[in-house]
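Notes for the one structure printed next.
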Amino acid sequence: MTQHISAELFTNNLYALLTETFESVYGIYLDGGTSLFETLADITPEQASRSTNGRCATLAAQVNHTRFYLDVLEKYMTEAEAERADWASSWQIGVVTAEEWDALKAELRDSYTRVRALMEGFDSWDNDHRIGGALGIVVHTAHHLGEIRQMLCGLRDNESA
């Protein structure tokens, strides 16, 4: 027996998770004030330019990679065959100026806004790429949000020491 989930039930939950992950907390899985954009709002260019241990990616690289992933998944959700992504290039961000940091955050917001509008415009969710892409965006972004928050905690501890 096949069971079906209504598209409305799926999208209501998906959009709530996307909003919580990127924009503002409903209390589904994050603490208040810890969505991605809320977290990034108080990060300085100096903090964004540093790695917690000098060997790993900078906070700015985490943001760029998350934006890159959104762009790749946008193509995945709309095209049968997407070109191979250059994942390594998405991590090549080191020291950023205030202008570069603002631009990275704006690019991330633009990608999110565009992909969110794409999802909200789907006439059907009867497609593996759409469902898998949407769920991948929530999960992948939540992972990087956790990494960013952990990095930020370490960076701020080092600043006060």
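Position 144 of the sequence shown, counting from 1, maps to 1490 under our numbering, and the rest follow consecutively. Idealized CB from N, CA, C, for every residue including glycine. Since this is a predicted model, take the numbers as computed values, not measurements.
Nearest candidate by alpha-carbon position, reference residue i, set the options
i, options, result
"S1436", "C1499, A1449, F1414, G1478", "F1414"
"D1469", "M1423, M1497, H1490, E1453", "M1423"
"A1434", "E1420, L1481, A1407", "A1407"
"W1447", "E1392, Y1361, S1352", "E1392"
"M1465", "Q1349, L1498, C1499, G1479", "G1479"
"R1460", "V1371, V1418, L1498, G1400", "V1418"
"Q1438", "C1402, R1462, E1427", "C1402"
Residue i - DSSP class collapsed to helix/strand/coil
i, result
"V1442", "coil"
"N1358", "helix"
"R1401", "coil"
"G1379", "coil"
"A1353", "helix"
"E1425", "coil"
"G1482", "helix"
"V1418", "helix"
"F1368", "helix"
"R1462", "helix"
Classification of residue i by the beta-carbon crowding that lies within 10 angstroms, buried from 16 upward
i, result
"N1410", "buried"
"L1501", "buried"
"T1412", "buried"
"N1351", "Looking at the sequence shown, residue 1351 is not Asn but Ile. Looking at its Cβ environment, which holds fewer than 16 other Cβ atoms inside 10 Å, I1351 is exposed."
"L1498", "buried"
Cutoff 7 Å; reference residue i; Cβ partners in own chain excluding five residues on either side
i, result
"R1476", "M1423, F1468"
"T1367", "S1381, L1382, V1484, T1487, A1488, L1491"
"L1363", "I1374, V1484"
"Y1458", "F1368, L1416"
"R1455", "F1383"
Contact under 7 Å by Cβ, residue i with residue j
i, j, result
"T1390", "S1397", "no"
"A1353", "W1471", "yes"
Own chain partners of residue i with C-beta closer than 8 Å, once the 5 adjacent residues on each side are dropped
i, result
"E1429", "K1421"
"G1440", "S1395, T1404, A1406, A1407"
Same chain, Cβ closer than 6 Å to residue i, neighbours up to 5 away in sequence not counted
i, result
"K1451", "L1386"
"V1371", "G1378, S1381"
Any C-beta of chain C under 7 Å from that of residue i
i, result
"L1405", "Annotation note: the requested chain C is absent from the structure, which comprises a single protein chain."
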